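Read top to bottom, the protein sequences are chains A and B. Here the first sequence stands for residues 1 to 209, numbered as in this note's numbering. Here the second sequence stands for residues 210 to 418, numbered as in this note's numbering. Right, one structure below, let's go through it.
2 protein chains.
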Amino acid sequence: MPQPQIESSQDRRTQILDAALICFAKRGFHQASMHDISAEAGISVGLIYRYFENKDAVISAMADRHKKEIHEVLERARRAPTLLESLEILFTAHCCEDAPQVVSAFVVDLYAEASRNPHVADLVRDVLQTAMDGVTDLIARSPEAESAAHGLKPHELAELIFAVSRGMLMRDVLQPQEMTAAERRTRQLEVTRRLWRLLFKKESEPAYA
Amino acid sequence: MPQPQIESSQDRRTQILDAALICFAKRGFHQASMHDISAEAGISVGLIYRYFENKDAVISAMADRHKKEIHEVLERARRAPTLLESLEILFTAHCCEDAPQVVSAFVVDLYAEASRNPHVADLVRDVLQTAMDGVTDLIARSPEAESAAHGLKPHELAELIFAVSRGMLMRDVLQPQEMTAAERRTRQLEVTRRLWRLLFKKESEPAYA
DNA sequence: GGAAGATGAATGAACGTTCATTCATTGTCA
DNA sequence: TGACAATGAATGAACGTTCATTCATCTTCC
Chain A
1 MPQPQIESSQ DRRTQILDAA LICFAKRGFH QASMHDISAE AGISVGLIYR YFENKDAVIS
61 AMADRHKKEI HEVLERARRA PTLLESLEIL FTAHCCEDAP QVVSAFVVDL YAEASRNPHV
121 ADLVRDVLQT AMDGVTDLIA RSPEAESAAH GLKPHELAEL IFAVSRGMLM RDVLQPQEMT
181 AAERRTRQLE VTRRLWRLLF KKESEPAYA
Chain B
210 MPQPQIESSQ DRRTQILDAA LICFAKRGFH QASMHDISAE AGISVGLIYR YFENKDAVIS
270 AMADRHKKEI HEVLERARRA PTLLESLEIL FTAHCCEDAP QVVSAFVVDL YAEASRNPHV
330 ADLVRDVLQT AMDGVTDLIA RSPEAESAAH GLKPHELAEL IFAVSRGMLM RDVLQPQEMT
390 AAERRTRQLE VTRRLWRLLF KKESEPAYA
């Protein structure tokens, strides 16, 4: 009864990226050393170079994985029955992890990296555009958005929604480490609901619904 | 006829910090070397150590200066005659510089640094809290805010405003380098006005005012 | 002369990357 | 089956480079 192959090539890459995420969040892209990552992953330094050409390739692969994850979140948001629930999914996606502030820190670092690495900038812009198009579409089809929205076009609303989402992410990295995932989630949801009320509540409805 | 003393001790520090801002925005806190900074400032490496204990002290001093600048922006916003103008000042403050994306990149980097450096995190949190208190106060006193605002409390509105502001800053670092300060400013103002309309326009007023 | 300002070569630690080597696993053939 | 060969995943010491920091030295100005 031989133990099944524990690590496929794909799993190794994933294992390295998981470790890299933790190290990058803890120290930043450029302060995290390859030794840090190998130690976190419980493997040797050299092995990383069997799966990634160099450190930049690790960063790129992380960005690519982030892109896939965002697309999945968008798909889930698309399937939600109401617009409010879609927004809640978008705003709390990063809180599903067991360490939300790790994800937040990574994303803020990703934007910082994008500001000087054109390749990363293109990728982030692309992710953002796709996600915003999706949400614009979501709003355009939503019955809630017809009556309210103060004459703003769907894409203008989407732009505001994503600005708030990014802004809350930045806020999240300032929270003390001790704050739990559940607490972060609650905060995010509060803001999401306030934003939703502002954007989509029919003006005739009572304001304190 | 001796040239008058060009650099006082205070000016030297400012000169070094100006150079550091450019280098930090261009390469990031930890990728920018002391040689980069000294070259940008047009002085020798060693001289930096006459005015700053070490590299971390340069970063801290930059964060401190950022704090002072934010306070000044807040003062200007406070003196504006209407709430809309206050918001416009807050949202476009970084566009007053001749290189807005430099400021944006620096601030995003600052938040990234805050996510792992508790000292920087405390400072940024403090700045943010002061600024938010100021804006909360501004809203509470503003006649525009009384009738509208969908039943949201002033501090909840302030939280949303700052989230959008940070989110737009992150957006700004994705813009291609070629985009001019004026274009950035226009974009920021558009979003500010949309947000303001959403938050404070009386619901009875025509939506497309 | 001497105090303060300024220089940049020197230093040593830390980093990304390489590669000779090890060894568990798999395949081959009697 | 068992002895032997082949494989390639995994290791970590070593290398060359970069970087923050120091300090002996030079300049300026009173």
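We put the CB at the ideal spot given by N, CA and C, even for glycine. Since we're looking at a predicted model, the values are computed, not measured.
Per-residue DSSP class, three states only, for residue i
i: Phe261(B); result: coil
i: Asp98(A); result: coil
i: Ser295(B); result: helix
i: Ser242(B); result: coil
i: Gly255(B); result: helix
i: Ala80(A); result: coil
i: Lys68(A); result: helix
i: Lys201(A); result: coil
i: Tyr417(B); result: Only weak support is given to the placement of Tyr417(B): the predicted model assigns it a pLDDT of 46, under 50, and the question is left unresolved by the model.
Exposure label - residue i; buried when at least 16 CB within 10 Å
i: Asp318(B); result: buried
i: Arg187(A); result: buried
i: Asp381(B); result: buried
i: Cys95(A); result: buried
i: Asn263(B); result: exposed
i: Val45(A); result: exposed
i: Glu75(A); result: exposed
i: Thr291(B); result: exposed
i: Met271(B); result: buried
i: Ser295(B); result: buried
i: Arg79(A); result: exposed
i: Glu88(A); result: buried
CB-CB length for residue i against residue j, believed under 8 Å
i: Val400(B); j: Glu159(A); result: 7 Å
i: Val248(A); j: Leu169(A); result: The question about residue 248(A) has no answer, for chain A in this structure spans 1 to 209.
i: Ile172(B); j: Ile246(B); result: Since the first and last residues shown for chain B are 210 and 418, residue 172(B) lies out of range.
i: Ala113(A); j: Phe52(A); result: Sequence inspection shows Glu at residue 113(A); the Ala mentioned does not correspond to that position. 16 Å between Cβ atoms; not a contact.
i: Leu174(A); j: Arg375(B); result: Not really, about 10 Å apart at Cβ, beyond 8 Å.
i: Leu157(A); j: Leu189(A); result: Leu157(A) to Leu189(A), Cβ: 19 Å. No contact.
i: Ile279(B); j: Ala340(B); result: 6 Å
i: Ala57(A); j: Ala41(A); result: Not a contact, Cβ separation roughly 15 Å.
* Asked: Between the region 219 to 246 of chain B and chain A, which residues of the former have CB atoms less than 7 Å from a CB of the latter, in chain order?
  -> Residues passing the 7 Å Cβ filter: Lys235, Arg236, Gly237, His239 and Gln240.
* **Every unbroken alpha helix (DSSP H) inside the region 107 to 194 of chain A [4 residues or more]** => The alpha helix (DSSP H) runs of length 4 or more contained entirely in the region 107 to 194 of chain A are, from start to end of the chain, 118 to 141, 143 to 147 and 154 to 174.
* **Near-chain B residues of the region 121 to 132 of chain A (beta-carbon distance less than 8 Å), N- to C-terminal order** => Contact residues of the region 121 to 132 of chain A toward chain B are Ala121, Val124, Arg125 and Leu128 (C-beta to C-beta distance below 8 Å).
* Below 8 Å between beta carbons is the criterion; list the residues of the region 80 to 110 of chain A that meet it against any residue of chain B, in chain order. => Look at the region 80 to 110 of chain A: the residues with a C-beta under 8 Å from a C-beta of chain B are Gln101, Ser104, Ala105, Val108 and Asp109.
* Asked: Using a beta-carbon distance cut-off of less than 8 Å, what residues from the region 152 to 166 of chain A approach chain B?
  -> Cβ contacts with chain B come from Leu152, Glu156, Glu159, Leu160, Phe162, Ala163, Val164, Ser165 and Arg166.
* the region 259 to 282 of chain B: positions lying closer than 7 Å to chain A by Cβ -> Within the region 259 to 282 of chain B, no residue has a Cβ that lies closer than 7 Å to any Cβ of chain A.
* Asked: Got a sec: which bits of the region 182 to 201 of chain A sit with their beta carbon under 8 Å from any beta carbon on chain B, in order along the chain?
  -> Result list: Val191, Arg194, Leu195, Arg197, Leu198, Leu199 and Lys201.
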